[in-house]
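Protein chains: 2
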Amino acid sequence: MSTESGTEAGTPGPTRRERNRAATIAEIKEIGLQRMHESGTTDVRFAEIAREMGMTAPGLYRYFASREELLTALIVDAFDDLGTAVADAREAQPEGDLWGRLLATSAAYRDWARREPQQFSLIFGMPVPGYRAPDEGPTTEAAKRAMGQLQTTFIEAARLGKLVPPLLDGVDEAFVKGINEAHKFDHLMPDAWDGDRTEVAEALTPATMQAMLMFWAALHGFVTLHAYGHLEWLGEAAQEALFRSTVEQGARCAGLPTAP
Amino acid sequence: MSTESGTEAGTPGPTRRERNRAATIAEIKEIGLQRMHESGTTDVRFAEIAREMGMTAPGLYRYFASREELLTALIVDAFDDLGTAVADAREAQPEGDLWGRLLATSAAYRDWARREPQQFSLIFGMPVPGYRAPDEGPTTEAAKRAMGQLQTTFIEAARLGKLVPPLLDGVDEAFVKGINEAHKFDHLMPDAWDGDRTEVAEALTPATMQAMLMFWAALHGFVTLHAYGHLEWLGEAAQEALFRSTVEQGARCAGLPTAP
DNA sequence: GTAACCTTGTTACGATGCTTAACGAAACTC
DNA sequence: GAGTTTCGTTAAGCATCGTAACAAGGTTAC
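Chains W and U, in that order, give the protein sequences.
Residues in the first sequence are numbered from 1 upward in steps of one, following my numbering.
Residues in the second sequence are numbered from 1001 upward in steps of one, following my numbering.
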């Protein structure tokens, strides 16, 4: 560690060893994911991974201190996967097309969950005791990042003047208080939004915040049921129709435009 | 088995042995559940249960052929638990109070999930391969029973003439087709409804069916996030307000009354 | 009452998995 | 080329699942 030979000359890149190590770590995670995919569970067996890599199980402990640590790494990766999948889908739509972006974002959320039910389960399933430890935990972090992508669309709508008050009977006092008291509110800010945060707070009234959460919950509910096959009796086409209706109704209730 | 001594006289009750056996099975399941509760996971360890019962692990195989079979039994029990919890809450409200019943039903769903996250996870979490085997699987069965409780309220509303068309932009053709082609539709009928099924089909138009599913999905989404702690940053009161708004908006969109 | 049988639970065993400790080999640094 | 770090191995301890063989009790039949 003290003798890093990469930082001296014009080669700030990682050492050969570091590259090998990174590659091995990546391979471990990849095979672990692949095994999860094949077994259909979120289990991870060191022995199995090692076998598949042509190694012995204890060797893996050079890279992960325990099975739990590998799982944590996989969870963190899942965050990134979901985040980028949703963000990419959103940015693939024209900038002003709020409805298109909302729909694309939601669809990406749904498709990722269906494509990677294990990773989805890692993030949004029952929290495994021990993963909340590091600083507020990656669990809530995932929720915030997913929320952040949604929020980006809402903020964009507000900036374009296309955000109308949501269809709510009024916001409960307790909700406003809860929102304001949540100092973790800052974490909710999406990275894309570097502007003045008070402006954001103004753009997103408590009512809109609530509507946004309700939109997210509704979307998440459909996605969960969809990804785990609880809606399969409907058939693919009907599920697609139900999804579209869910997003449409959610947008309408939240005060977002529902058509280009 | 061939020598059942309980069926002859006025004692059709189970044999002493059968009672003992049933009690042991109940104890195993109870301790298993208790251990799940304490560990915070859906794991079940035979050795641990046996130890806690003052037995040795192989003894449990007299009652459950494998760990999987115990898990399956626990899943089935979870169905009943959730079903009765929701039904009881519903029937505790006055018969004509549709809004009260809907709210009570939804709250029972939420509270059960929060109180028993492990059982909730067993039912609605990622399906474990192997549990879908027995006759369409208990997984979809759970969804249907939960749906059934909701549907009962919708049917009651229809019979009382208090069900108006839902706020939908029209129902997709694919959805109608999917609903009609789902012959498992029959299973969706709640036990409480013994009347003519065609009447039910008339009362619940495809649009209402879709609205009902959307209501359920929205509720399920909130409940999932709530039960797994993803909304804890809001605080209890705000979560309560959000829940109430979710049910209210869902009812309004579905064409159900939102006030007594 | 006694003999046969069934039920239940035990110990013994083998396979698999996680994890640590001790060791050897290769790579990298100087 | 010598010393250090990294990597991966073998050996071993411990826990688990699940099977097999066996012992002890209750139950049934005669």
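Where a beta carbon is used, it is the ideal one built from N, C-alpha and C, also for glycine.
Contacts around residue i, its chain only, beta-carbon distance under 7 Å, and the 5 residues preceding and following it disregarded
i, result
"U/Arg1145", "Phe1079, Gly1083"
"U/Ala1047", "Ala1057"
"U/Ala1218", "Thr1246, Gly1250"
"W/Ala211", "Pro166, Leu168, Cys253, Ala254, Gly255"
"U/Ala1238", "none"
"W/Gly195", "Note that W/Gly195 has pLDDT 48, beneath the 50 cutoff, so the model's placement of it is unreliable and the number below is only indicative. None."
"W/Ala260", "The question names Ala, but residue 260 of chain W is Pro in the sequence shown. Only Asp97, Trp99, Gly100 meet the Cβ criterion."
Short CB-CB distance (under 8 Å) between residue i and chain U
i, result
"W/His37", "no"
"W/Ser245", "yes"
"W/Leu213", "yes"
"W/Glu69", "no"
"W/Ala241", "yes"
"W/Gly255", "no"
"W/Ala85", "no"
Proximity test, Cβ basis, 8 Å: residue i and chain W
i, result
"U/Asp1172", "yes"
"U/Trp1112", "no"
"U/Ala1107", "no"
"U/Asp1169", "yes"
"U/Met1189", "In this prediction, U/Met1189 has a pLDDT of 48, which is less than 50 and means its spatial position is unreliable; nothing more can be read from the coordinates."
"U/Leu1219", "yes"
"U/Gly1229", "yes"
"U/Arg1019", "no"
"U/Leu1082", "no"
Contact set between residue i and chain W, taken where Cβ atoms lie within less than 7 Å
i, result
"U/Val1128", "Thr41"
"U/Gln1149", "Residues of chain W passing the Cβ test: none, with the nearest at roughly 15 Å."
"U/Phe1154", "None at all; the shortest Cβ gap to chain W is about 16 Å."
"U/Gln1210", "Leu242, Ser245"
"U/Ala1251", "Residues of chain W passing the Cβ test: none, with the nearest at roughly 11 Å."
"U/Glu1248", "Asp169"
Own chain partners of residue i with C-beta closer than 8 Å, once the 5 adjacent residues on each side are dropped
i, result
"U/Arg1021", "Tyr1063"
"U/Gly1096", "Leu1160"
"U/Gln1118", "Leu1033, Met1036, His1037, Gly1040, Thr1041, Thr1042"
"W/Ile31", "Ile49, Glu52, Met53"
"U/Glu1240", "none"
"W/Ser121", "Thr42"
"W/Ile312", "No statement about residue 312 of chain W is possible, as the shown extent of chain W runs from 1 to 260 and does not include it."
"W/Pro165", "Thr205, Ala207, Thr208, Gly255"
"U/Lys1162", "Leu1098, Leu1256, Pro1257"
"U/Val1044", "Gly1032, Arg1035, Met1036, Arg1067, Leu1070, Leu1071, Leu1074"
"U/Thr1105", "Val1086, Ala1089, Arg1090, Gln1149, Leu1150, Thr1153"
"W/His226", "Arg110, Ala113, Arg114, Gln239, Phe243"
"W/Gly221", "none"
Neighbour list for residue i in chain W, Cβ cutoff strictly below 8 Å
i, result
"U/Ser1121", "Gly125, Met126"
"U/Pro1117", "Met126"
"U/Glu1181", "Gly235"
Neighbour list for residue i in chain U, Cβ cutoff strictly below 8 Å
i, result
"W/Lys177", "Gly1235, Ala1237, Ala1238"
Closer than 7 Å at the beta carbon, the chain U residues around residue i
i, result
"W/Leu225", "Ala1217, His1220"
Heavy atom of the ligand ZN within 7 Å of residue i beta-carbon
i, result
"U/Glu1173", "As for the ligand ZN, it is missing from this structure, which has no ligand bound."
Own chain partners of residue i with C-beta closer than 6 Å, once the 5 adjacent residues on each side are dropped
i, result
"W/Val171", "Pro206, Ala207, Gln210"
"U/Phe1175", "Gln1210"
"W/Ile25", "Tyr63"
I'd like the ranges of any alpha helix (DSSP H) spanning at least 4 consecutive residues and lying wholly in the stretch 104–180 of chain W. 117–124, 137–159
Which runs of the alpha helix (DSSP H) at least 4 residues long sit entirely within the stretch 198–255 of chain W? Give them in chain order. 206–227, 236–254
Those runs of the alpha helix (DSSP H) which lie wholly inside the stretch 40–96 of chain W and span at least 4 residues: 46–53, 67–91
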